[in-house]
């Protein structure tokens, strides 16, 4: 074997040969040797396992492929199952493994496991929006429906899968299309729709020739050999003997193929009287199945029945009777095994349901407790936030009352001394506190604008907006935007803040006013906007604010001139 020769050379010729040996220990090299020498591929993987050169799941997937590619399906299954059990695989790798298992159980006619993997693959492909794997699941499902007699739905699903696969960007798109065409040719053959099958055979050959770009050269001949075998059987069934003979000649000139793939030529051989050659193909297939540990299966049973027919055609009746008896024994074994498997599966299902019910009850109790806990925590947090917010308003209100009392006291003292205090009679809004000297031109401009807006109560105009403020100050939009970005969040928030400050004054001074009339008096277009803006500034609704003010007045605080908002402008 090439790998063993390389190993020997590596021991004799030092570093250079060691490099050659290292280049053999790769997963691509295992695939490259798979068709020509399964033993070499397995030895490569064994050495890689011993040296831990790749994750275990990747080596399991590759070794499963090694057996699957040469049709040793029963040997491939444990490796795929072990890879699926790994927690390290991604969703894309999981879909690859679902596809492998689906294909195997389709070939060995295990409907229960087949449907499980179809559903799993379809569900994951739909969630990941992967047309490639969705097409694979849909095609297998359609093929199964056709086999069960639901031909219309079967063909519809298969055609839909073909359309999906044509949109795939996966590197295996052509290979899968080739497999789709081969299966649909068989379906058309079973339904005697020979013209449609022949048209598909042309596309099938084109796809097989496209595979010439693949690195594994033996696959080219193997793909074309499968095309010619199917075509020969198809044309023989259609009664086109001359064309069938030509396809058979092409088949004979291709490289010797796989024992399983070559069974595609059986229809031609049986219909054209090549009984000895058909018998050789059947026996080669049975030998392959036996070496794969698959000698008691529906595929093996089908091959034995075909062998009985060929022996009868060759007038070897005694031998045919022996094989027929063997076939009946296998059929009984399959029936017993299927019955036991069904009973075991039913028992496991009942046990799982029992455990699931117990787990479901516990989860429901835990969920209920969790919901109750979340509800309690939410109520506590909400209550604390509301109390804290109201306390903040109370504190601000008390501070404002104290400031108002101090101001009134100063006015009374000035009057007693004969001084004339500055009057604010007739002004519904209080004067602005003194402002420090502006630090720059933008600040000076903003202070001037704020004074004019406040003094002239421009904010009471419902249509006050950015353009009117720009016109008021005589500046362009760039200058105005820079100024506003420095000293206010935006124009709308600035104007609404001035309005709700004035609204707070009206709420405190005029308890007889309705909220709607105060909102209108402040220049707000509707009560909803006023309520929302008021709460943004003061942290409470206008009604809550008024209730707090009334409560403070009842406690002897007097009329409130102004309450400071939660957030202030300059």
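Residue numbers (my numbering): 32 to 601.
All residues carry an ideal CB built from backbone N, CA and C; glycine is no exception.
Excluding the 5 residues preceding and the 5 following residue 330 in the sequence, name in chain order all residues of the same chain whose CB lies nearer than 8 Å to its CB. Answer for residue 330: 138, 139, 140 and 320, listed in chain order.
Quick one: grab the DSSP three-state call for residue 138. Correct three-state label for residue 138: helix.
Give the secondary structure of residue 517 by DSSP, where H, G and I count as helix, E and B as strand, and everything else as coil. It is helical.
Is the number of C-beta pairs between the segment 224 to 243 and the segment 184 to 196 that are closer than 8 Å three or more? They do not touch, by the three-pair rule.
Residue 472 versus 577, 518 and 303, residue with shortest Cα-Cα distance: It is 518 whose Cα lies nearest to the Cα of residue 472.
Between residue 309 and the rest of its own chain, which residues show a CB-CB distance below 7 Å, the 5 nearest in sequence each way excluded? Cβ within range, chain order: 297, 300, 301 and 341.
Consult DSSP for residue 646 and reduce its assignment to one of helix, strand or coil. It is not possible to answer for residue 646, since the shown part of the chain is limited to 32 through 601.
Report the option in 350, 230 and 207 whose CA atom is closest to the CA atom of residue 241. Across the set 350, 230 and 207, the C-alpha of 207 shows the shortest separation from the C-alpha of residue 241.
Taking residue 294 and residue 256 to be in contact with their CB atoms under 8 Å, please state how far apart those CB atoms are, rounded to whole angstroms. Incorrect: roughly 12 Å between the Cβ atoms, too far for contact.
With DSSP as the reference, label residue 223 as helix, strand or coil. Correct three-state label for residue 223: coil.
Exposed or buried, what is residue 88 when buried is set at 16 or more other beta-carbons lying within 10 Å of its beta-carbon? Of the residues assessed, residue 88 falls on the buried side of the cut-off, its CB having 16 or more other CB atoms within 10 angstroms.
For residue 487, name the three-state secondary structure that DSSP assigns. Here residue 487 carries a coil assignment [DSSP, helix/strand/coil].
Please report the distance separating the alpha-carbon of residue 585 from that of residue 543. Roughly 16 Å between the two C-alpha positions.
To the nearest angstrom, how far is it from the Cα of residue 283 to the Cα of residue 303? Cα to Cα, the separation comes out at about 15 Å.
Just tell me which of 347, 477 and 268 has its CA closest to the CA of residue 220. With distances taken between CA atoms, residue 220 lies nearest to 268 out of 347, 477 and 268.
Alpha carbon of residue 60 to alpha carbon of residue 404, nearest angstrom: Taken atom to atom, the span from the alpha-carbon of residue 60 to that of residue 404 is near 58 Å.
Exposure label - residue 392; buried when at least 16 CB within 10 Å: By the 10 Å Cβ count, residue 392 comes out exposed.
Given that a residue counts as buried once 16 or more other Cβ atoms are within 10 Å of its Cβ, and exposed if not, what is residue 154? Classification for residue 154: exposed.
Helix, strand or coil for residue 161 per DSSP? Correct three-state label for residue 161: coil.
Residue 583 in three-state terms, based on DSSP: Of the three classes helix, strand and coil, the one that applies to residue 583 here is helix, per DSSP.
Determine, using beta-carbon pairs with one atom in the segment 502 to 522 and one in the segment 555 to 563, whether at least three such pairs fall under 8 Å. Too few Cβ pairs lie closer than 8 Å, so no.
Can you look up residue 289 in the DSSP assignment and give me helix, strand or coil? Under the three-state reduction of DSSP, residue 289 is assigned to coil, being neither helix nor strand.
Cβ of residue 105 less than 8 Å from any chain B Cβ? Absent here is chain B; the protein component of the structure consists of one chain.
Work out the CA separation of residue 65 and residue 130 for me, nearest whole Å. Whole-angstrom Cα-Cα distance: 20 Å.
With 16 as the cutoff for other CB atoms within 10 Å, does residue 223 come out buried or exposed? By the 16-neighbour rule on beta-carbons within 10 angstroms, residue 223 is exposed.
By alpha-carbon positions, which one of 211, 324 and 72 ends up nearest to residue 105? If we check each option's Cα against that of residue 105, 324 comes out closest.
Compute the Euclidean distance between the alpha carbons of residue 173 and residue 258, then round it to the nearest angstrom. Computed Cα separation, rounded: 22 Å.
List the whole-angstrom C-beta distance separating residue 503 from residue 483, where the pair is believed to meet the contact cut-off of C-beta under 8 Å. In this structure residue 503 is in contact with residue 483, their Cβ atoms being roughly 7 Å apart against a cut-off of 8 Å.
Rounded C-alpha distance that separates residue 72 from residue 203: Between residue 72 and residue 203, the C-alpha separation is close to 21 Å.
Quick one: grab the DSSP three-state call for residue 591. Residue confidence for residue 591 is low, a pLDDT of 44 falling below 50, so the modelled location carries little weight and cannot support an answer.
Range covered by the alpha helix (DSSP H) that runs through residue 69: Counting along the chain, the alpha helix (DSSP H) containing residue 69 begins and ends at 69 to 82.
Would you call the CB atoms of residue 550 and residue 534 closer than 8 Å? A contact, by the Cβ cut-off of 8 Å.
For my contact list, residue 538 and residue 576 are in at a C-beta cut-off of 8 Å; report their separation, rounded to the angstrom. Right, the Cβ-Cβ distance comes to about 6 Å (below 8 Å), so this counts as a contact.
Should residue 185 be labelled buried (16 or more other beta-carbon atoms within 10 Å of its own) or exposed? Residue 185 should be labelled buried.
Among 490, 506 and 499, nearest to residue 527 - alpha-carbon criterion: That would be 490, whose Cα lies nearest to the Cα of residue 527.
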